[in-house]
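In terms of the numbering used here, the sequence shown has 334 at position 32, counting the first letter as 1, and numbering is strictly consecutive.
A virtual CB, placed ideally from N, CA and C, is assigned to each residue, including glycine.
Report on the following structure.
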Amino acid sequence: MDRLLERFWEYSAINTQSKSYTKSKPSSIGQAKLAKLLLTELTELRVSTSVLLENGCLMAKLPANIEHSVPAIGFISHLDTSPDFVGKNVKPQLIENYRGGDIALGIGNVVLSPVMFPILHEMIGKTIITSDGKTLLGAENKAGIAEIMTAITNLIQQNIPHGDIYIVFTPDAKIGRGANNIDLKKFNAQWAYNLVGRGIGGLEYENFNIANVRIKIIGKGMLKESSKEGMVNALTLATRIHNQIPSQEIATYSIMDQGFYHLSCIKGTVEKTEMNYIICDFDEQNFAKRKRAMFQIAEEQGKDLHPDCYIELTVDDICYNMNKVVCKYPHVIDIAKQAMIDCNIKPNVQLNRDITHGELLADYGIPCPNIFTGGYNFHSKYEFICLEGMQQAVDVIVRIVALTAQYVKFDRVAANQ
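And the structure:
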């Protein structure tokens, strides 16, 4: 596990947080820096068909080392870390042979406690990696990258029989652009696995339908005596819009299989205010209903406004539930489950509440479920990962490759029928 840990440590030192409000590709310099580092490493491994695209996506192919026809598969991870919390100057700390109890994150008052996170009870005796409590750890998804790179190294060094293996590291997955950066002409995998899942044994092939809702409110400021008749406060309209959303249906109060509305950003003044919502739901009909509800709320609040004032609402669908595509090919799931069982890991089928490559690749008829990385509490200062869990993810990747080499040729064309 030493080289696996070294890789994770090296990758975590690079700030790769994506930025939502930029048109740059990739959205941050750190992602390009990490991609170049990985390109060098793949070249040293003699994965000669490696290319770094202008948009920051790194694509590589490890050619088959056996003569008979074997399905081509892919392994994917993303370069960026979440913009939800600080990602600069990450200082990981290593807790070997964890004995239980609270873990102090750095020298401050932040504590990783089994009272708040009971999963720590299952980490007794294992090696845990955390941040110092001031930043993200970056396990999502530096861990997935380190695991894929280590697995590819093992496949090469041990000369394990395999078909063509495609390796993809995409930028900006956390802002919904990940799979859109993949050049599908260079990605001929018949199916793929996304290294992003939480915990140990996690397997995800059902996810939220997700839409982004942008609301622009134009008001009218008036500071004279006539302001009572003339002022239209855009901030007040924004609060009225938010108050119309059922309080029990916001993200804070939702549980695993429930959809929600989430106000992710609000900024503005009396004269102009902008709001950004994320709408999520596993059910397609409920998803459409939530989008209609946002239009109805905006329309209601926009009635009888001053002629110079208005409310503008734009909805962009980000991704859809991958379940429809993945479930057409049960062998993709069966191979992942069997690989875990062969590695003495109990598969744990979970729902995914985040944006992943599998959701976006489903649009192209490519099944791509998520498999675990060994990490927990992503997007927060409480993020941590189990080193043994990371090694188990490496073992599962290698086993998936071995099982696929035994599988009957797969026809991806059927995915679109």
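For residue j and residue i, the rounded distance between their alpha carbons
| i | j | result |
| --- | --- | --- |
| G521 | E573 | 4 angstroms |
| F471 | L340 | 9 angstroms |
| Q492 | P373 | 7 angstroms |
| P394 | S566 | 28 angstroms |
| E343 | F310 | 13 angstroms |
| E551 | A600 | 17 angstroms |
| I702 | I557 | 32 angstroms |
| S379 | H464 | 20 angstroms |
| F377 | G677 | 18 angstroms |
| N367 | Q460 | 12 angstroms |
| T383 | T318 | 6 angstroms |
| L769 | F680 | Since the displayed the chain opens at 303 and closes at 719, residue 769 lies outside it and no answer follows. |
| D713 | I581 | Legend: pLDDT at D713 = 43, less than 50; position of this residue unreliable, no value from coordinates given. |
| I249 | I447 | It is not possible to answer for residue 249, since the shown part of the chain is limited to 303 through 719. |
| K605 | Y612 | 9 angstroms |
| A334 | G358 | 6 angstroms |
| A707 | G435 | 43 angstroms |
| M418 | T351 | 46 angstroms |
| Q719 | K626 | Here Q719 scores only 40 on pLDDT, less than 50, and its place in the model should not be relied on; the value that follows carries that caveat. Taking the straight line joining both Cα atoms gives about 12 angstroms. |
| A717 | G667 | For A717, the pLDDT reaches just 39, beneath the cut-off of 50, and the residue's location in the model is therefore unreliable, although a value from the coordinates is still provided. Their backbone Cα atoms lie some 5 angstroms apart in a straight line. |
| I405 | V498 | 24 angstroms |
| S322 | E369 | 45 angstroms |
| K569 | R594 | 24 angstroms |
| P548 | K639 | 39 angstroms |
| M642 | I635 | 11 angstroms |
| D485 | S433 | 34 angstroms |
| H633 | T345 | 32 angstroms |
| L414 | A445 | 20 angstroms |
| Q546 | K487 | 46 angstroms |
| T324 | D665 | 25 angstroms |
| K591 | N496 | 30 angstroms |
| T571 | I316 | 36 angstroms |
| Y579 | E661 | 19 angstroms |
Same chain, Cβ closer than 8 angstroms to residue i, neighbours up to 5 away in sequence not counted
| i | result |
| --- | --- |
| Y400 | L422, M425, I426, G427, K428, T429 and I430 |
| V696 | L306, E449, T452, A453 and N456 |
| E356 | K327 |
| F584 | E508, N509, F510, N511, D559, G561, N623 and L653 |
| I331 | none |
| E586 | N511, Y622 and N623 |
Nearest-angstrom beta carbon gap, residue j and residue i [assumed within contact, 8 angstroms]
| i | j | result |
| --- | --- | --- |
| I462 | A704 | 6 angstroms |
| F489 | Y468 | 6 angstroms |
| V392 | S314 | 5 angstroms |
| V515 | L607 | 20 angstroms between Cβ atoms; not a contact. |
| H564 | A553 | 4 angstroms |
| G504 | N650 | 5 angstroms |
| A302 | L347 | Residue numbering for the chain in the displayed model covers 303 to 719; residue 302 lies beyond these limits and cannot be assessed. |
| N483 | P473 | 6 angstroms |
| G402 | P385 | About 33 angstroms; that fails the 8 angstroms criterion. |
| D466 | K390 | Contact doesn't hold; Cβ gap of about 38 angstroms is too wide. |
| I620 | T575 | I620 to T575, Cβ: 23 angstroms. No contact. |
Proximal residues to residue i (C-beta, below 6 angstroms), its chain only, five neighbours per side dropped
| i | result |
| --- | --- |
| S628 | It should be pointed out that residue 628 corresponds to Val in this sequence rather than to Ser. Y507, P669 and P671, listed in sequence order. |
| D644 | R701 |
| F589 | N511 and D583 |
| E398 | T429 |
| V412 | G435 |
| N443 | S379, H380 and V498 |
| V349 | A362 and L364 |
| L354 | A337, L341 and L360 |
Beta-carbon spacing of residue i, residue j below 8 angstroms
| i | j | result |
| --- | --- | --- |
| R500 | F674 | yes |
| Q270 | M361 | This structure cannot settle anything about residue 270, because the visible part of the chain is limited to 303 through 719. |
| M577 | A540 | yes |
| H659 | G478 | no |
| A475 | V617 | no |
| L381 | A337 | yes |
| R542 | Q598 | no |
| Y709 | I637 | yes |
| I502 | G691 | yes |
Cut-off 7 angstroms between Cβ atoms - residues of its own chain near residue i, not counting five sequence neighbours on either side
| i | result |
| --- | --- |
| I699 | F377, E449, I450 and A453 |
| E308 | none |
| I458 | L347 |
| D610 | K522 |
With a cut-off of 8 angstroms, do at least 3 Cβ pairs link the region 533-541 to the region 645-660?
-> no
Indicate whether the contact test is met: 3 or more Cβ pairs, each with one atom in the region 680-693 and one in the region 436-448, closer than 8 angstroms.
-> yes
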